[in-house]
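J.:
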Ligand SMILES: Cc1cc2nc3c(=O)[nH]c(=O)nc-3n(C[C@H](O)[C@H](O)[C@H](O)COP(=O)(O)OP(=O)(O)OC[C@H]3O[C@@H](n4cnc5c(N)ncnc54)[C@H](O)[C@@H]3O)c2cc1C
């Protein structure tokens with residue numbers, strides 16, 4: 001497949017090659033088994049860490065690689081093309097908790113948490129959603145109450161990716177009081193570590209796709225945190241989370257593009273081998289048109305993503321571009337994986353080929369870090385910004 005539309009720098013090509021070779025050697029042989037057994041193999045964290053892939057966006061001063069967003073997203077696509085579960089681990093860790101501490105953390109928090117996270121010695125998670133607060137996350141109910149030099153947290157967080165394996169969990173909780181609710185401005189971001197009494201791991205979700213990525217509920221029962229574990233200011237945690245999601249959505253777009261590209265590659269190879277009516281099916285125009293549309297959508301999604309990432313690296317606001325990228329890439333992933341199954345016919349519907357796993361993995365990209373409906377709301381809202 002051609003990469004020429006947006007030329008990569010020498011450094012980006014080197015990172016891409018490293019990610020591709022790593023994924024082929026260390027992930028591809030196990031992906032189908034991990035998916036079938038819904039198994040998260042913790043050793044993958046150490047292997048990603050050894051490459052520096054868990055600190056790609058963190059400056060070298062904090063033990064990261066100090067790369068730009070485009071380079072990070074190039075690597076993420078390579079991992080996602082082989083295993084979307086490993087890609088979401090990498091995306092959440094790099095884009096959300098790590099970025100939040102980098103941008104809003106104190107020097108002491110960076111020393112204690114960011115440095116090991118950038119080295120990959122500590123895995124991060126992001127706990128915003130709750131059972132009753134999904135798209136409308138600012139209505140979350142987990143309550144934080146200041147008690148001397150501590151905060152005491154009570155509530156339940158839902159859908160936490162890596163929540164049972166993380167060493168550092170960025171959890172959003174209300175810092176306003178029941179008698180003086182401040183909406184999105186009444187939420188703090190707290191750094192929770194699994195050693196703290198009062199934290200229990202709840203229900204592990206039995207998912208359609210991303211089966212090798214653990215997704216759990218977390219219960220906070222009088223969880224007592226040192227005051228030093230509050231990130232930034234008490235009422236600004238939701239804003240920090242939303243700003244980080246602008247970046248996180250680029251990661252999900254890269255994940256979706258990786259899934260879509262893998263579906264395209266699988267279908268292209270299959271269509272060249274499979275013969276019906278005395279011909280390889282790639283000679284039938286109906287199949288060619290599908291492949292052409294798949295390739296066009298993957299390429300367009302990637303071009304939009306790189307343009308958004310370049311805007312981010314120039315320091316421009318990217319809320320709208322980031323939502324556009326995530327929307328387009330996730331719908332491309334769902335559509336492309338559906339076409340791949342059609343091209344493989346019955347063989348697309350069984351586990352002998354990766355098409356069915358790609359299809360199952362694609363769906364969640366239209367749901368998490370904001371559903372497609374929420375992305376459209378953000379994009380439309382920005383059209384009227386300032387008017
Ligand atoms: C595998 C997985 C991993 C996840 N990982 C994390 C994580 O690590 N951390 C975290 O905090 N969360 C995580 N999430 C949660 C995810 O972000 C939410 O599922 C998502 O934001 C949607 O919330 P919801 O599921 O409550 O759906 P709801 O908000 O209940 O939405 C239901 C439907 O209503 C639609 N809808 C809602 N409001 C509107 C509106 N105003 N206009 C039009 N349509 C609307 C939605 O688009 C959707 O179609 C994860 C979810 C999954 C499935």
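In the numbering used here, the protein residues as written are 1 to 387.
Quick reminder that beta carbons are idealized off the backbone N, C-alpha and C, glycines included.
Am I right that residue 8 and residue 74 are in contact with their C-beta atoms under 8 Å? What's the rounded C-beta distance?
T.: About 7 Å separates the two Cβ atoms, so the contact holds.
J.: How far does the beta strand (DSSP E) with residue 187 in it reach, from first residue to last?
T.: Looking at the DSSP string, the run of the beta strand (DSSP E) that includes residue 187 is 187-192.
J.: Is any non-hydrogen atom of ligand 1 found closer than 7 Å to the C-beta of residue 58, if you look at the structure I gave you?
T.: No, the Cβ of residue 58 stays beyond 7 Å of every heavy atom of ligand 1.
J.: Can you have a look at residue 304 and say buried or exposed, based on whether 16 or more other CB atoms are within 10 angstroms of its CB?
T.: Buried, by the Cβ-count rule.
J.: Report the CB separation of residue 80 from residue 259 in whole angstroms; it is logged as a contact under 8 Å.
T.: Indeed, because the Cβ distance is near 6 Å, the residues count as touching under 8 Å.
J.: When DSSP labels each residue in this structure, what does residue 94 get in the three-state scheme?
T.: Correct three-state label for residue 94: helix.
J.: Distance cutoff 8 Å, beta carbons only. Does residue 64 sit that close to anything in chain D?
T.: The structure shown contains no chain D; it holds only a single protein chain.
J.: What's the call for residue 11, buried or exposed, on a 16-neighbour Cβ count within 10 Å?
T.: That one is exposed.
J.: Please classify residue 168 as buried or exposed, where buried requires at least 16 neighbouring CB atoms within 10 angstroms.
T.: Counting Cβ neighbours within 10 Å, residue 168 comes out buried, since at least 16 surround it.
J.: Name the residue from 55, 330, 155, 126 whose alpha carbon lies nearest to the alpha carbon of residue 163.
T.: Residue 126 is the option with its Cα nearest to residue 163.
J.: On the DSSP letters alone, give me the boundaries of the beta strand (DSSP E) that residue 220 sits inside.
T.: First-last of the beta strand (DSSP E) with residue 220: 215-226.
J.: What first and last residue would you give for the beta strand (DSSP E) that runs through residue 152?
T.: Looking at the DSSP string, the run of the beta strand (DSSP E) that includes residue 152 is 150-161.
J.: Measuring only from the beta carbon, is residue 347 closer than 7 Å to any heavy atom that is part of ligand 2?
T.: With respect to ligand 2, the structure shown offers nothing to examine, as its ligands consist of ligand 1.
J.: Considering only DSSP beta bridges, list what residue 172 is partnered with.
T.: 189, per the DSSP bridge assignment.
J.: Would you identify the three-state DSSP class for residue 275, choosing helix, strand or coil?
T.: It is a strand residue.
J.: Between 332, 292, 342, 291, which lies nearest to residue 302 when the distance is taken from Cα to Cα?
T.: Closest by alpha carbon: 332.
J.: Under the three-state reduction of DSSP, which class applies to residue 1: helix, strand or coil?
T.: With a pLDDT of only 48 at residue 1, under the threshold of 50, the placement of this residue in the model should not be trusted; the figure read from the coordinates follows. In the structure shown, residue 1 sits in coil (DSSP, three-state: anything other than H, G, I, E or B).
J.: When you compare only the Cα positions, how much space is there between residue 145 and residue 155?
T.: So the alpha carbons of these two residues sit roughly 12 Å apart.
J.: Quick one: Cα of residue 32 to Cα of residue 161, how far?
T.: Approximately 20 Å between the Cα atoms of the pair.
J.: Whole angstroms is fine: what's the gap from residue 298's alpha carbon to residue 227's?
T.: For residue 298 and residue 227, the distance between alpha carbons rounds to 46 Å.
J.: Cα-Cα, which of 181, 209, 57 is closest to residue 142?
T.: Looking at the Cα atoms, 181 is the closest of the given residues.
J.: Going by Cα to Cα distance, which pick from 342, 354, 328, 379 is closest to residue 366?
T.: Residue 366 has its Cα closest to that of 328, out of 342, 354, 328, 379.
J.: Grab me the residues of residue 92's own chain with a C-beta within less than 8 Å of its C-beta, minus the 5 sequence neighbours each way, in chain order.
T.: So the qualifying residues of the chain are 124, 125, 126, 161, 162, 248, 251.
J.: Please report how far the alpha carbon of residue 334 lies from the alpha carbon of residue 150, in whole angstroms.
T.: Going by the C-alpha atoms only, they are around 45 Å apart.
J.: Taking the continuous alpha helix (DSSP H) assigned at residue 385, which residues delimit it?
T.: Here residue 385 belongs to no alpha helix (DSSP H), and DSSP marks it neither H nor E.
J.: Decide if the segment 128-139 is in contact with the segment 276-291; the criterion is three or more beta carbon pairs, one per stretch, under 8 Å apart.
T.: No, they do not touch.
J.: Residue 191 and residue 170 - do their beta-carbons sit closer together than 8 Å?
T.: Going by C-beta atoms, residue 170 is nearer than 8 Å to residue 191.
J.: Taking buried to mean at least 16 other C-beta atoms within 10 Å of its own C-beta, is residue 336 buried or exposed?
T.: By the neighbour-count rule (16 or more Cβ atoms within 10 Å), residue 336 is buried.
J.: DSSP on residue 64, reduced to helix/strand/coil?
T.: Of the three classes helix, strand and coil, the one that applies to residue 64 here is coil, per DSSP.
J.: Looking at the strands, I want to know which residues DSSP matches up with residue 200.
T.: Note: residue 200 sits in a beta bridge opposite 219.
J.: Determine the burial state of residue 289: buried for a count of at least 16 other Cβ atoms within 10 Å of its Cβ, exposed for fewer.
T.: Classification for residue 289: exposed.
J.: Pick helix, strand or coil for residue 206, following the three-state DSSP scheme.
T.: DSSP places residue 206 in coil when its eight states are reduced to three.
J.: Just reading off the alpha helix (DSSP H) that residue 82 is part of, what are its end residues?
T.: Residue 82 -> alpha helix (DSSP H) spans 69-82.
J.: In angstroms with no decimal places, state the Cα-to-Cα distance between residue 317 and residue 310.
T.: If I take the Cα positions, the gap works out to 11 Å.
J.: When burial is assigned at 16 or more other CB atoms within 10 Å of the CB, is residue 312 buried or exposed?
T.: With 16 or more Cβ atoms within 10 Å of its Cβ, residue 312 is classed as buried.
J.: Any idea if residue 183 is buried or exposed, counting beta-carbon neighbours within 10 angstroms, 16 or more meaning buried?
T.: By the 10 Å Cβ count, residue 183 comes out exposed.
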